[in-house]
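**Q** Questions regarding the structure given below will be posed in turn.
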Amino acid sequence: MFDQNIEGAELFALPFGDIVPFFSVYTATLAAFVVVFILISAFDRPERQLNIVFGGDAYYAKEIKESDTRFSRFMAIACGCATLGAVVTGDVFNFTLFAVLVGITNIAIVASAGNRHVLNAAFQYGIVAMIATVPLFGSAAIILATTGTLSIWTLAGMGAVPLLAKALLILGVMGEGIAPLYIGKAEIIRAQGAPFVLMIHFSSLLLFLRVTEIVLVI
Amino acid sequence: MKKRYVQLIAIISGILLIILSGAGHQAIVSLPVAAVLSIILAPVFLISVGLLFSAEITDGDIPFMGY
Amino acid sequence: MIEYIIAAMFIGLLLHGIHRKVIARIQGRPGPPIWQELLHTLKFLAKESWIPKTASQGVYVAVVGISIAIWTAALMLLITQESLLLLFALYVLHKIVEHGIGLASGSPYSKFGAIRSVVSAASELPLLSSVALIYLITGSLMLRDIETYQAINGPLLFVAFPAAIALYMVILSKIHYGPFSIVEAKEIVSGYWTEHFGVWRGLMNAAFGLKTFVLLYTFVMVFIGPIGLPLTLLGILILMISLSFVCAITPMLSPYDTVTVQTITTGLIAIYIIYLGVFA
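First to last, the sequence lines map onto chains A, B and C. The first sequence finishes on residue 240 if you use this note's numbering, and the numbering steps up by one all the way, no holes. The second sequence finishes on residue 84 if you use this note's numbering, and the numbering steps up by one all the way, no holes. The third sequence finishes on residue 282 if you use this note's numbering, and the numbering steps up by one all the way, no holes.
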């Protein structure tokens, strides 16, 4: 049983050998929210940004064609699925993979934007996210080397994981887009399409929540 | 949405919430289950009641998709 | 359950009213009556409501529902005595709500509020350090275990004083008219909820009342312990008035200073936790 006094009772577990995807009260709540946000990004239409014309009191609303949003929408859904994977997985390596996937899809969500500032910010964020994969996979390697397993299920409550691996794991997820490295993302938020842009922010916060749980549990 | 549907949603979710609350106190439904269902139903109930409040002064669709 | 939700919203809105009254009296104004925020909410509910044509309709409406759901869930968490980590998660999800509210309408003012909300993401981290410190001391994050611990060992307020400060900072950064409330500063009209009006605004007001009540209740529950409902409510009131004092005498910081202060607080507490966890 996976009844840690950190995240609430176990609700469901699916044993695949030693890799056990599981739902605790905590991860089930997160997964429910991810599903809600995937649905929003899948079915909602983007907003039309209002811009003010300088030197007058006029303003205009930008038009977005449906065809322009297809790529963003697809990537937002992909990002949501990656986040869902990161939230429900029971394996540290899978978690790191999904985290990297979230980073990549985050860049892709804004890649169809025509705004140069947004693309610049996305490029810089992309560099940080790619560099962050080194500590991310490094921590998975250290965990495997020291404990012989990557299963959160097995590692839970043992306290066998070295502090360095935990620190690297957090550092890696930070690089994928939370404080203080999220600053690169601030400009990205200017991109159009509220449901998709919301997913960028949502996915990185969810990764952060999940990594907090992993670090406290293993 | 027409006013009738909003009314229907408000009444059904309100009754469900009251039943859940009673069942939770009488231990017919376990507390966590009652809690989760109330979390899902509460926004539905509150939004539909809110829309009904404001529906007094509009006719036609609620909420009006406009301007 | 619904009776708890309604009661908590009522008390939360009343606390907002008290907050405004105290601030006004400190600044030498008569101030609004303490039930003003309740009237405010009811007034908004009876206003004509629609969805702006430029808005992203799904997000525009869904964030209102999600904000109610998040804080209802947080209240249920306190009632069922579940994990404090989950409360942290819900608190962080509130950031998404702020962000979504700001992005949904396409208005530049609310978008600025949303961007400020992203930039001040450091305001969530003190709560994490507070949670971590509590875990180090009590060995559990379940609220029921924390209550048991306090029944045996006395209030956590003295043992985990830095954690209490961190949570206080967190509540302060979410309170209206506070030094850190840059997301709803008046230079960007009303910040992220500029474009939400009518029913949406009224319900968000109610959800934020619930939020204030839940956060203050958590503070009393986690740091002072099980002391019965009347004393808990008294504790909440005292806490609220102390927050109002802080809000009344501090000006609103600039976004840059806000982030700096929040980051430094988090950093100091993180260092304290690392010291406690590794060396002590």
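All C-beta atoms in this analysis are idealised placements derived from N, C-alpha and C, irrespective of residue type, glycine included.
In this structure, does DSSP put Y82 (chain A) in helix, strand or coil?
**A** Along the first sequence, read from residue 1 onward, the residue named residue 82 (chain A) stands at position 60. Strand.
**Q** Considering Cα atoms alone, identify which of C:N155, C:M144, C:A272 is closest to P164 (chain C).
**A** For this step, residue 164 (chain C) is matched to residue 162 along the third sequence. Nearest C-alpha to P164 (chain C): C:A272.
**Q** Check whether the Cβ atoms of S256 (chain C) and I184 (chain C) sit closer than 9 Å, and answer yes or no.
**A** As a first step, residue 256 (chain C) is located in the third sequence; it is residue number 254 there, counting from the start. As a first step, residue 184 (chain C) is located in the third sequence; it is residue number 182 there, counting from the start. Yes, they are a contact pair.
**Q** Helix, strand or coil for W73 (chain C) per DSSP?
**A** Against the third sequence, residue 73 (chain C) aligns to sequence position 71. Helix at W73 (chain C).
**Q** Going by DSSP, what residues sit across from D113 (chain A) in a beta bridge?
**A** Walking along the first sequence from the start, residue 113 (chain A) turns up at place 91. The partner list for D113 (chain A) (beta bridge, DSSP) reads A:S173.
**Q** Between the region 60–68 of chain C and the region 51–67 of chain A, are three or more C-beta pairs nearer than 8 Å?
**A** yes
**Q** Mind pulling the chain C residues with CB within less than 9 Å of A44 (chain B)?
**A** Residue 44 (chain B) sits at position 27 when you count from the first residue of the second sequence. What A44 (chain B) touches in chain C: nothing, since even the nearest Cβ is about 13 Å away.
**Q** Using the three-state DSSP reduction, which class does N142 (chain A) fall into: helix, strand or coil?
**A** Counting from 1 along the first sequence, the entry for residue 142 (chain A) is found at position 120. Note: N142 (chain A) maps to helix in three-state DSSP.
**Q** Figure out for me which residue from A:F230, A:P43, A:G107 has the closest Cα to the Cα of E198 (chain A).
**A** By 1-based counting over the first sequence, the position of residue 198 (chain A) is 176. Cα-wise, what sits closest to E198 (chain A) is A:F230.
**Q** Would S69 (chain C) pass as a contact of T196 (chain C) if the rule is Cβ separation under 9 Å?
**A** As a working mapping, residue 69 (chain C) is identified with position 67 in the third sequence. As a working mapping, residue 196 (chain C) is identified with position 194 in the third sequence. For S69 (chain C) and T196 (chain C), no; Cβs fall outside 9 Å.
**Q** Spatial neighbours of Y84 (chain B) within its chain, please: CB distance less than 7 Å, with the 5 preceding and 5 following residues excluded, ordered by chain position.
**A** Along the second sequence, read from residue 1 onward, the residue named residue 84 (chain B) stands at position 67. Model confidence at Y84 (chain B) stands at a pLDDT of 45, short of 50, so the residue's coordinates are unreliable; what they give is reported in the following sentence. Taken in chain order, the list of residues that qualify is empty.
**Q** Can you check which of these residues, B:L25, B:I45, B:G67, B:G41, is closest to S55 (chain B) by C-alpha distance?
**A** Translated into positions along the second sequence, residue 55 (chain B) becomes position 38. If we check each option's Cα against that of S55 (chain B), B:G41 comes out closest.
**Q** May I have the straight-line CA-CA distance separating A64 (chain C) from T168 (chain A), to the nearest angstrom?
**A** By 1-based counting over the third sequence, the position of residue 64 (chain C) is 62. By 1-based counting over the first sequence, the position of residue 168 (chain A) is 146. The straight-line gap from Cα to Cα measures roughly 45 Å.
**Q** Closer than 8 Å: is that where the CB of M11 (chain C) sits relative to any heavy atom of the ligand MN?
**A** The ligand MN is absent from the structure shown, which contains no ligands of any kind.
**Q** Taking the alpha-carbon positions, what's the L238 (chain A) to I28 (chain A) distance?
**A** Sequence index remark: in the first sequence, residue 238 (chain A) carries index 216 (1-based). Sequence index remark: in the first sequence, residue 28 (chain A) carries index 6 (1-based). Approximately 8 Å, taken between the alpha carbons.
**Q** Comparing C-alpha positions only, which one of C:K188, C:A26, C:I7 sits nearest to V53 (chain B)?
**A** Within the second sequence, numbered from 1, the residue matching residue 53 (chain B) stands at position 36. Among C:K188, C:A26, C:I7, the Cα nearest to that of V53 (chain B) is on C:I7.
**Q** Between which two residues does the beta strand (DSSP E) holding V74 (chain A) run?
**A** Sequence index remark: in the first sequence, residue 74 (chain A) carries index 52 (1-based). A quick correction: the sequence has Ile, not Val, at residue 74 (chain A). Unbroken beta strand (DSSP E) run through I74 (chain A): 72–74.
**Q** State yes or no: is the beta carbon of L25 (chain B) nearer than 9 Å to at least one beta carbon in chain C?
**A** Within the second sequence, residue 25 (chain B) is the residue found at index 8, counting from 1. Output row for L25 (chain B): interface = no.
**Q** As an exercise, report each continuous alpha helix (DSSP H) stretch of at least 4 residues that is fully enclosed by the region 7–94 of chain C, in chain order.
**A** 38–47, 59–82
**Q** So with Cβ pairs under 9 Å, would you call A83 (chain A) a contact of chain C?
**A** Translated into positions along the first sequence, residue 83 (chain A) becomes position 61. For A83 (chain A), the answer is yes, since a Cβ of chain C falls inside 9 Å of its Cβ.
**Q** Is H139 (chain A) buried or exposed, if buried means 16 or more other CB atoms sit within 10 Å of its CB?
**A** Here the question's residue 139 (chain A) lines up with position 117 in the first sequence. Exposed, by the Cβ-count rule.
**Q** Tell me which residues of the region 213–241 of chain C have at least one Cβ-Cβ distance to chain A shorter than 7 Å, keeping chain order.
**A** none
**Q** I29 (chain B) versus chain C: which residues are under 8 Å apart at the beta carbon?
**A** As a working mapping, residue 29 (chain B) is identified with position 12 in the second sequence. The premise fails here: I29 (chain B) is roughly 14 Å from chain C at the closest Cβ pair, so nothing lies under 8 Å.
**Q** Entirely within the region 47–74 of chain A and at least 3 residues each: give me those beta strand (DSSP E) ranges in chain order.
**A** Entirely contained in the region 47–74 of chain A, the beta strand (DSSP E) runs reaching 3 residues are, in chain order, 72–74.
**Q** Please decide whether G83 (chain B) counts as near chain C, where near means a Cβ-Cβ distance under 9 Å.
**A** Sequence index remark: in the second sequence, residue 83 (chain B) carries index 66 (1-based). Since pLDDT at G83 (chain B) reaches only 48, below the 50 mark, its modelled position is unreliable, and no value is offered.
**Q** Between the beta-carbon of Y25 (chain B) and the beta-carbon of L58 (chain B), is there less than 9 Å?
**A** Position 8 of the second sequence, counted from the first residue, corresponds to residue 25 (chain B). Position 41 of the second sequence, counted from the first residue, corresponds to residue 58 (chain B). Per the sequence presented here, residue 25 (chain B) reads as Leu, with Tyr not at that position. No. Outside cutoff.
**Q** Nearest-angstrom Cα distance between P232 (chain C) and L218 (chain C)?
**A** Here residue 232 (chain C) refers to the residue found at position 230 of the third sequence. Here residue 218 (chain C) refers to the residue found at position 216 of the third sequence. When rounded, the distance between both Cα atoms is 14 Å.
**Q** Distance, Cα to Cα, V58 (chain A) vs Q29 (chain C)?
**A** Indexing the first sequence from 1 puts residue 58 (chain A) at position 36. Indexing the third sequence from 1 puts residue 29 (chain C) at position 27. The straight-line gap from Cα to Cα measures roughly 44 Å.
**Q** So, with DSSP's three-state summary, where would you put M144 (chain C)?
**A** One-based indexing of the third sequence puts residue 144 (chain C) at position 142. Reduced to three states, the DSSP call for M144 (chain C) is strand.
**Q** Is the shortest distance between the beta-carbon of E186 (chain C) and the beta-carbons of chain A less than 9 Å?
**A** Locating residue 186 (chain C) in the third sequence gives position 184, where the first residue counts as 1. Taking Cβ atoms only, chain A never reaches closer than 9 Å to E186 (chain C), which makes this a no.
**Q** Determine the direct distance from the alpha carbon of G33 (chain C) to that of M23 (chain A), and round the result to whole angstroms.
**A** On the first sequence, position 1 is the one that residue 23 (chain A) refers to. On the third sequence, position 31 is the one that residue 33 (chain C) refers to. Low confidence applies here, because M23 (chain A) scores a pLDDT of 49, under 50, leaving its location unreliable and the question unanswered by this model.
**Q** In chain order, what residues of the same chain lie with their CB nearer than 7 Å to the CB of A130 (chain A), ignoring the 5 residues before and after it?
**A** Taking the first sequence and counting its residues from 1, one reaches residue 130 (chain A) at position 108. So the qualifying residues of the chain are M97.
**Q** If we ignore side chains and look at the alpha-carbon of each, how far apart do A123 (chain C) and K97 (chain C) end up?
**A** Here residue 123 (chain C) is taken as the residue at index 121 of the third sequence, counted from 1. Here residue 97 (chain C) is taken as the residue at index 95 of the third sequence, counted from 1. Approximately 8 Å between the Cα atoms of the pair.
**Q** Can you pull the chain C residues whose beta carbon is under 8 Å from the beta carbon of P68 (chain A), in chain order?
**A** On the first sequence, residue 68 (chain A) is found 46 positions in, with the first residue counted as 1. Going along chain C in sequence order, the residues near P68 (chain A) (Cβ under 8 Å) are S58.
**Q** Kindly indicate which three-state DSSP category L36 (chain A) falls into: helix, strand or coil?
**A** As a first step, residue 36 (chain A) must be located in the first sequence, where it is residue number 14. Correct three-state label for L36 (chain A): coil.
**Q** What are the partner residues of F254 (chain A), as DSSP defines its beta bridges?
**A** Given that chain A is displayed from residue 23 to residue 240, the structure contains no residue 254 (chain A) and the question cannot be resolved.
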